[in-house]
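Count the sequence shown with our numbering and you get residues 23 to 194, in order. Positions of the beta carbon are idealized from the N, C-alpha and C atoms, including for glycine. See structure below.
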Amino acid sequence: MFLFSFIANIESAFKKPGENLRIYRKYLEKIGVQKVPTIFWIGPWSEVYNFGKIKIGRNFAIGAKSSIINWGKISIGNNFLGSNNIFMNSGDHRLSDLRPEKKQIVIGDNVFVGTNVVIVGNTKIGNNSVVGAGSVVRGTFPSNSLILGNPAKKVKTIDRKKYEIWKWHKNV
23 MFLFSFIANI
33 ESAFKKPGEN
43 LRIYRKYLEK
53 IGVQKVPTIF
63 WIGPWSEVYN
73 FGKIKIGRNF
83 AIGAKSSIIN
93 WGKISIGNNF
103 LGSNNIFMNS
113 GDHRLSDLRP
123 EKKQIVIGDN
133 VFVGTNVVIV
143 GNTKIGNNSV
153 VGAGSVVRGT
163 FPSNSLILGN
173 PAKKVKTIDR
183 KKYEIWKWHK
193 NV
């Protein structure tokens with residue numbers, strides 16, 4: 023088991039955005055992340071525990087105090103943008119005897135996740151979706167969904183095809 027949080031905690035020591043990519047890439051590969059993103063940023067006091075398989079697409083950013091705990095499989099598509107205090111856990115326990123179970127989390131391309139969101143195992147979030155702050159997400163959500171609440175529900179279909187969430191990175 024590798025704990026990634028000590029790398030994220032030194033973020034403030036770097037003077038330029040992206041300067042930490044070299045160090046992150048080394049440790050992501052070490053903890054078993056299958057594909058290291060082109061643009062990658064993880065906020066301070068964040069952590070990644072990997073006991074399964076993690077695949078991260080191009081362009082990934084997640085804010086401070088976030089946790090990714092993987093027991094089964096987590097797949098995050100291209101252009102993922104997450105706010106602070108996001109918690110993803112692909113593990114679960116059976117209700118009958120509390121035995122641990124490995125689950126899966128699949129997040130599509132161009133997804134934005136707001137502050138204080140919990141994403142648990144057996145979750146699929148479609149492309150171009152937005153998960154609102156404070157949501158607890160479990161289940162399958164189609165592309166172009168606005169997902170809100172506890173438990174999270176699709177509240178409407180949104181059109182995000184015209185908006186590029188990573189267009190701003192060239193100016194950083």
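Handout entry: Cα-Cα separation between R116 and F62, rounded to whole angstroms
Key = Take the alpha-carbon of R116 and the one of F62: they are about 34 Å apart.
Exercise for the section: Measure the Cβ-Cβ separation of N72 and N92 and say whether it is below 8 Å. Expected result: Yes. Within cutoff.
Handout entry: Straight-line Cα distance separating K77 from K125
Key = Their Cα atoms are separated by approximately 15 Å.
Exercise for the section: Look at the alpha carbon of V128 and the alpha carbon of N101, and state the distance between them as a whole number of angstroms. Expected result: The straight-line gap from Cα to Cα measures roughly 14 Å.
Exercise for the section: Helix, strand or coil for A86, going by three-state DSSP, please let me know. Expected result: Note: A86 maps to coil in three-state DSSP.
Practice task
Would you mind stating whether N149 and S165 have Cβ atoms separated by less than 8 Å?
Solution key: The Cβ atoms of N149 and S165 lie closer than 8 Å to each other.
Problem - As assigned by DSSP and simplified to three states, the class of A174 - result: In the structure shown, A174 sits in a strand (DSSP, three-state: E or B).
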